[in-house]
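A.B. asks: Chains as they are written, first to last, in my numbering: chain A, 1 to 253; chain B, 1001 to 1253; chain C, 2001 to 2311; chain D, 3001 to 3311. Note that CB positions come from ideal geometry on N, CA and C, so glycine has one too.
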Amino acid sequence: MDANAALFQFLLRMGDNTLVLGHRVSEWCGHAPVLEEDIALANTALDLIGQTQMWLGLAGEIEGKGRTADDLAMLRDAWDFRNLLLAEQPNGDFGQTMMRQFLFDAWHRIMLERLADSGDGRVAGIAAKALKEARYHVERSADTVIGLGDGTEESHARMQAALDLLWPYVGEMFAPDNVDAAMTQTGIAPDPADLRPDYDAHVLKVLGEATLQVPEGTFAHGGGKAGFRHSEHLGHLLTQMQWLQRAYPGATW
Amino acid sequence: MDANAALFQFLLRMGDNTLVLGHRVSEWCGHAPVLEEDIALANTALDLIGQTQMWLGLAGEIEGKGRTADDLAMLRDAWDFRNLLLAEQPNGDFGQTMMRQFLFDAWHRIMLERLADSGDGRVAGIAAKALKEARYHVERSADTVIGLGDGTEESHARMQAALDLLWPYVGEMFAPDNVDAAMTQTGIAPDPADLRPDYDAHVLKVLGEATLQVPEGTFAHGGGKAGFRHSEHLGHLLTQMQWLQRAYPGATW
Amino acid sequence: SPEARAFQARIDAGEKIEPKDWMPEGYRKTLIRQIGQHAHSEIVGQLPEGNWITRAPTLERKAILLAKVQDEAGHGLYLYCAAETLGVSRDDLTRDLLSGKMKYSSIFNYPTLTWADMGAVGWLVDGAAIMNQVPLQRTSYGPYSRAMIRICKEESFHQRQGYDIMMKMAGGTAEQKRMAQDALDRFWYPSLMMFGPSDKDSVHSAQSMAWKIKMNTNDELRQKFVDQTVPQAEYLGLTVPDPDLTWNEDKGGYDFSEPDWSEFFEVIKGNGPCNTERLAARNAAWDDGKWVRDGLLAHAQKRAARKVAAE
Amino acid sequence: SPEARAFQARIDAGEKIEPKDWMPEGYRKTLIRQIGQHAHSEIVGQLPEGNWITRAPTLERKAILLAKVQDEAGHGLYLYCAAETLGVSRDDLTRDLLSGKMKYSSIFNYPTLTWADMGAVGWLVDGAAIMNQVPLQRTSYGPYSRAMIRICKEESFHQRQGYDIMMKMAGGTAEQKRMAQDALDRFWYPSLMMFGPSDKDSVHSAQSMAWKIKMNTNDELRQKFVDQTVPQAEYLGLTVPDPDLTWNEDKGGYDFSEPDWSEFFEVIKGNGPCNTERLAARNAAWDDGKWVRDGLLAHAQKRAARKVAAE
């Protein structure tokens, strides 16, 4: 895979993660369990959409075909998306949303820390900006996971169910492929497998405080970041997200 | 309003009702409470989609701009839809779906009976075909409404809640406007207000057997058949229904 | 009473009333109702705009809309806090909203049907809200006045963003222009209703104005809104859906048609296009969120207990 | 035992076993498992296709897909009825499905991601199913055999419809062609898995074949499927995702790569892409539908009681 094509793919992965997860989080708007959470969720979605603009903007430049961040967000079909399967999973209840957020944020923070030292200055620049937000996100989502895991019997049970459901989507974040190999070789991004020890240390500590049990087994879903096989959820998400651009092609908004 | 334009609008109303309601019913596919209901709902949806093809097909002919039934179904935005608000209301639970179906079917049967005598042979022909199906639909949905209304305490309460929620959408079926006036004048369709006595007789009898109470008050939502103000639900429905045609314009399927 | 006379004198002198000051029960109750309704309006007002967040046409528009809805939730928070200084809890107010006992602005019972509605809501609805709120920055109750000052700053920003969407739509494709006109057609009269019934039908007004809880009459504000908005519509190339709208040289303002007040009273009664859905959405959020609130509270108590035990 | 010998002799003579006939417990149990799994597959199989009903590109395609999914539910019904003749109720079988105790075809744990998947499912999945089912029309158990005869007629119709979608896609725009190839890439190996593990790893086979519950070995059917399908793919201008696929003149069939059996066993264990969702969807339908089933039952009982009282 040529270096430029690999970088394009890598940037799509970063940008599609924040785009799709940001979209999911934004679905909560007006429906959260407490007003403060409504505000916090909107804030998280806003940060993620802002990061999307940067990652997909750079992806478009690297691709060199004149596609903007909006073009990439609004005019690709599901199979051309490169987000982790975790990001596209449905919101479920508030616990499932916050568990998904924590499992993502914990990875995102570490990934952005490494990318802030990227050999590619543009990547490093975006990562440094996003990192501040990601640090705040993970602090918040970890607190919520702990609060609900170590809350009532019901909240504990719901958080454990959320963890059981979502844990099989964690492995994909650390599974390297040829795009990652190219990124490692050019010094742009770390080998994803190298992030796992830090991730496990952080996540297991938080889940411990939350009195939650990591499910047994090593099974991990895959196919999102490579785009080979997303879940059925992504296509439905896109019908909403891309509606206006698809229905009124070429209009300016 | 010129007679042709009015007929076009009238046909859109008939076809959009069956299109939108058929779509809603089809959302149940694979999720009904009993296998027999899954089959029955799919069958209802299928009938309604078939009727849509006839009504919108004729609408396209009358319009004379070369639009096919698919063009009309897949390439209009929400504001150009002319279905009753009742048809676009969300499925809710199975009781809500069946109550919506019964309130619609009861009107649909009477309307089609009148249209089978239409002065326009094409309209009469479609109505005669659709009528056989509508008679079966209303028999079935009435039975279900009775069965659940006069079932357990829970099923009764749910059916009463469904009726309370949906009753304000009944009035729109009988509110005449200038399109209806043109249809009445040309002998193509009855004055909708004339259908109300038969409707009330039938519906009140069924609801009585179902031990359900018609809510007080005469308030009726409007804006669907005129297209002035649909509910927020229709736009979301269209994002799904029209996705492929919007995303891949001009392709043949 | 002497206290009431002293209280009125302070108000007349332009002093602010603070939470610990003496105040007549009627003043307190009227303020609770007014601030509570305003807070509820911010909360319920998230829904019609939230309806388009997942369909925003560009990343930039999605971000702007998210920020706006987030601001509205924030306004709700300030206002509930202001109401709490009057001795009513946020949970109590919320329960009164959810049971239908307290109202919120009737405008949010209208649906948002196209992207142009995001423009119309910002331009017209926030525009009307500001018209109501700017004078309230000078209201007699201190916490309310301070909340209004913060809120007004953000609202005028929202209104500009809304107008910007309308500009893009009105200057866009034929379909976009049609969307813009359609949005104006649907939101014009409901916006006029936002100022409340005509002065001759308005209850509570005189006392509220004496207390400086209400600063202008409904009709004054409505006239001001029309006079401000009509030229903006003209600039957009859109037609205000009022055939009787004419400039009245003598009064230096527009003559315009009244909204259909029977529709207004129906909406207030619960018979608007979206009343049922809006309340259902808020009730679902509250009911579905119970386990979350309970869980977080239980954890906070456990943590506090552990801290005490460790000391 | 003499009964067992007589039973086997009837089967060998090509007679049908009927519900009231004596049969060995193993025969009954194996049939219940096999028919039940087949019924469950029809039911769960509604979900991946149901996923596209609301996004079907034309009214005609929507109608065809609805009719197909309706047929599948109907097949489920025939098969549950056939199973009931063996002394197990539909509700019992359903509970075993919902608890994960009984399986359904592993293929339905794969997602449907584009419209071309509707083509691929019809062409490949129904194609493989027919390959399995046609011989079962001659199975020894009468009710099962008769159910299969009805089912096979409809399935072959479905397969043709699926292939027709593939034709349209493969002959369509560049994007449609890409969708078609992508669907083949994703569904090829999962379709090969539908025949079950390689004969050497397959349990129960010999006894089932003696009882004529199973008519051919897994590998025989898989070979037949590949030989039938490869030319169809070529006709579509699509590439089977197997670089080692070659025509073997000697055996008069294709040599092809085995699917990744470790993936197959993972999916069987519950670790397929959609196992959790499929079971969750069925459980939700069952749980959410309880009040409906209870309500209709209560009404039927009331009506019966009223009828008795009136007599």
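1. Measure the C-alpha to C-alpha separation of Tyr2027/C and Leu2086/C and round it to an integer number of angstroms.
2. Please compile the residues from chain B whose C-beta is within a distance smaller than 9 Å of the C-beta of Glu2258/C.
3. Quick one, which residues of the segment 1019-1047 of chain B are near chain D if we go by CB-CB under 7 Å, in chain order?
4. For the beta strand (DSSP E) containing Asn2109/C, list its first residue and its last residue.
5. Runs of 4 residues minimum, wholly inside the segment 2078-2152 of chain C: which ones carry the alpha helix (DSSP H) assignment?
6. For a test of the three-state rule: what should DSSP assign to Trp1028/B, helix, strand or coil?
7. I believe Ala2129/C touches Met2179/C by the beta-carbon criterion, under 8 Å. Please report the beta-carbon distance rounded to the nearest angstrom.
8. Output, in chain order, the set of chain D residues within a Cβ distance shorter than 9 Å of Ser231/A.
9. Looking at the C-beta of Met241/A, does it have a partner C-beta in chain C at a distance below 8 Å?
10. When the Cβ atoms of the segment 3297-3308 of chain D are set against those of the segment 1144-1162 of chain B, are three or more pairs found closer than 8 Å?
11. Name, please, each residue of chain A whose Cβ falls closer than 7 Å to the Cβ of Asn3051/D.
12. Can you find at least 3 beta carbon pairs, one from the segment 1007-1023 of chain B and one from the segment 1176-1187 of chain B, that sit closer than 8 Å?
13. Do Leu2079/C and Ala2039/C come within 8 Å of each other at the CB atom, strictly closer than that value?
14. In angstroms, rounded to a whole number, what distance separates the CA positions of Gly217/A and Gln2161/C?
15. Quick one: list the residues of chain A neighbouring Ala2063/C, beta-carbon separation under 7 Å, in chain order.
16. Can you give me the Cβ contacts of Lys79/A inside the same chain, cut-off strictly under 8 Å, excluding the 5 residues immediately before and after it?
17. Any idea if Asp105/A is buried or exposed, counting beta-carbon neighbours within 10 angstroms, 16 or more meaning buried?
18. Against Ala1073/B, what residues of chain A qualify as contacts under a CB-to-CB distance less than 7 Å, listed in chain order?
19. Looking at chain A, is there any beta carbon in it that lies within less than 8 Å of the beta carbon of Arg3186/D?
20. For Gly1171/B, which option in Ile1126/B, Glu1209/B, Ala1045/B, Leu1103/B has the closest C-alpha, if you only look at C-alpha atoms?
21. Give the residues of chain C in contact with Leu1207/B, contact being defined as C-beta atoms less than 8 Å apart.
22. Kindly indicate the opening and closing residues of the alpha helix (DSSP H) around Trp2052/C.
23. Is Thr1044/B helix, strand or coil by DSSP?
24. Going by the CB atoms, is the gap between Leu84/A and Ala2067/C shorter than 8 Å?
25. If we cut at 8 Å on Cβ distances, does Lys2153/C have a partner in chain A?
26. Return helix, strand or coil for Asn178/A, following the three-state DSSP convention.
27. Can you tell me where the alpha helix (DSSP H) holding Thr2246/C begins and where it ends?
28. Can you give me, in chain order, the residues of the segment 1166-1180 of chain B that have a beta carbon less than 9 Å from any beta carbon in chain A?
29. Which ranges would you report for the beta strand (DSSP E) in the segment 3241-3304 of chain D if only whole runs of at least 3 residues count?
30. Under 8 Å, CB to CB, which of the residues in the segment 3056-3084 of chain D have a partner in chain B?
31. I need the straight-line Cα distance from Ile2017/C to Thr68/A, nearest angstrom please.
32. Name the DSSP bridge partner or partners of Ile2017/C?
33. Using a Cβ-Cβ cutoff of 8 Å, what residues of the segment 3278-3311 of chain D are near chain A? List them in chain order.
34. Identify, in the order they occur along the chain, each residue of the same chain with its Cβ nearer than 7 Å to the Cβ of Ala210/A, setting aside the five sequence neighbours on each side.
35. Just how far apart, CA to CA, sit Ala2304/C and Val2292/C?
36. Using a C-beta to C-beta distance shorter than 7 Å, which residues of chain B count as neighbours of Ala247/A?
C.D. replies: With the structure as the only source:
1. Here the question's residue 2027/C lines up with position 27 in the third sequence. Here the question's residue 2086/C lines up with position 86 in the third sequence. Approximately 10 Å between the Cα atoms of the pair.
2. One-based indexing of the third sequence puts residue 2258/C at position 258. Per Cβ cutoff of 9 Å: no residues; Glu2258/C is ~20 Å from chain B at best.
3. His1023, Ser1026, Glu1027, Cys1029, Gly1030, His1031, Ala1032, Pro1033, Val1034, Leu1035, Asp1038, Ile1039, Ala1042, Asn1043, Ala1045, Leu1046
4. Here residue 2109/C refers to the residue found at position 109 when the third sequence is read from its first residue. Here Asn2109/C belongs to no beta strand (DSSP E), and DSSP marks it neither H nor E.
5. 2090-2098, 2116-2120, 2126-2136
6. What you label residue 1028/B is simply residue 28 of the second sequence in a count that begins at 1. Coil at Trp1028/B, not helix or strand.
7. As a working note, residue 2129/C is residue 129 in the third sequence. As a working note, residue 2179/C is residue 179 in the third sequence. At roughly 23 Å, the Cβ-Cβ gap does not stay under 8 Å, so Ala2129/C and Met2179/C are not in contact.
8. Stepping through the first sequence from its first residue, residue 231/A is reached at position 231. Near Ser231/A (Cβ distances below 9 Å), the residues of chain D are Pro3111, Leu3113, Pro3273, Cys3274, Glu3277.
9. As a first step, residue 241/A must be located in the first sequence, where it is residue number 241. By this cut-off, Met241/A is an interface position.
10. yes
11. As a working note, residue 3051/D is residue 51 in the fourth sequence. Under the 7 Å cutoff, chain A gives Glu232.
12. yes
13. Locating residue 2039/C in the third sequence gives position 39, where the first residue counts as 1. Locating residue 2079/C in the third sequence gives position 79, where the first residue counts as 1. Yes.
14. Position 217 of the first sequence holds residue 217/A. Position 161 of the third sequence holds residue 2161/C. Using only the alpha carbons, I get a separation of about 51 Å.
15. By one-based count along the third sequence, residue 2063/C stands at place 63. Those are Leu46, Ile49, Gly50, listed as they occur along chain A.
16. The count along the first sequence starts at 1 and reaches residue 79/A at position 79. For clarity, residue 79/A is Trp in the given sequence; the question names Lys instead. Answer for Trp79/A: Gly227, His230, listed in chain order.
17. Counting from 1 along the first sequence, the entry for residue 105/A is found at position 105. Asp105/A should be labelled buried.
18. What you label residue 1073/B is simply residue 73 of the second sequence in a count that begins at 1. Correct list: empty, because the minimum Cβ distance to chain A is about 14 Å.
19. Translated into positions along the fourth sequence, residue 3186/D becomes position 186. Judged by the 8 Å Cβ criterion, Arg3186/D is in contact with chain A.
20. Position 171 of the second sequence, counted from the start, is the residue given in the question as residue 1171/B. Of Ile1126/B, Glu1209/B, Ala1045/B, Leu1103/B, the residue nearest in Cα terms is Leu1103/B.
21. For the purposes of this step, residue 1207/B is identified with residue 207 of the second sequence, where counting begins at 1. The premise fails here: Leu1207/B is roughly 20 Å from chain C at the closest Cβ pair, so nothing lies under 8 Å.
22. For the purposes of this step, residue 2052/C is identified with residue 52 of the third sequence, where counting begins at 1. Taken as a continuous stretch (DSSP letters only), the alpha helix (DSSP H) holding Trp2052/C covers 2046-2053.
23. Mapped onto the second sequence, residue 1044/B falls at position 44. Thr1044/B falls in the helix class under three-state DSSP.
24. By 1-based counting over the third sequence, the position of residue 2067/C is 67. By 1-based counting over the first sequence, the position of residue 84/A is 84. Against a cut-off of 8 Å, the Cβ pair of Leu84/A and Ala2067/C comes out as no contact.
25. The sequence position of residue 2153/C within the third sequence is 153, counting from 1. Judged by the 8 Å Cβ criterion, Lys2153/C is not in contact with chain A.
26. On the first sequence, position 178 is the one that residue 178/A refers to. Looking at Asn178/A - three-state DSSP - the assignment turns out to be helix.
27. Indexing the third sequence from 1 puts residue 2246/C at position 246. Per DSSP, Thr2246/C belongs to no alpha helix (DSSP H); it is in the beta strand (DSSP E), 2246-2248.
28. none
29. 3246-3248, 3253-3255
30. Ala3056, Pro3057, Thr3058, Leu3059, Glu3060, Arg3061, Lys3062, Ala3063, Leu3066, Ala3067, Val3069, Gln3070, Ala3073, Gly3074, Gly3076, Leu3077, Tyr3080
31. Here residue 2017/C refers to the residue found at position 17 when the third sequence is read from its first residue. Here residue 68/A refers to the residue found at position 68 when the first sequence is read from its first residue. The straight-line gap from Cα to Cα measures roughly 54 Å.
32. Counted from its first residue, the third sequence places residue 2017/C at position 17. Beta-bridge pairing links Ile2017/C to Tyr2141/C.
33. none
34. Numbered from 1 along the first sequence, position 210 holds the residue referred to as residue 210/A. Val145, Ile146, Gly149, Asp150, Met159.
35. Indexing the third sequence from 1 puts residue 2304/C at position 304. Indexing the third sequence from 1 puts residue 2292/C at position 292. Rounded to whole angstroms, Ala2304/C to Val2292/C spans 18 Å at the Cα level.
36. Taking the first sequence and counting its residues from 1, the one referred to as residue 247/A is at position 247. Those within 7 Å of Ala247/A in chain B are Asp1077, Arg1246.
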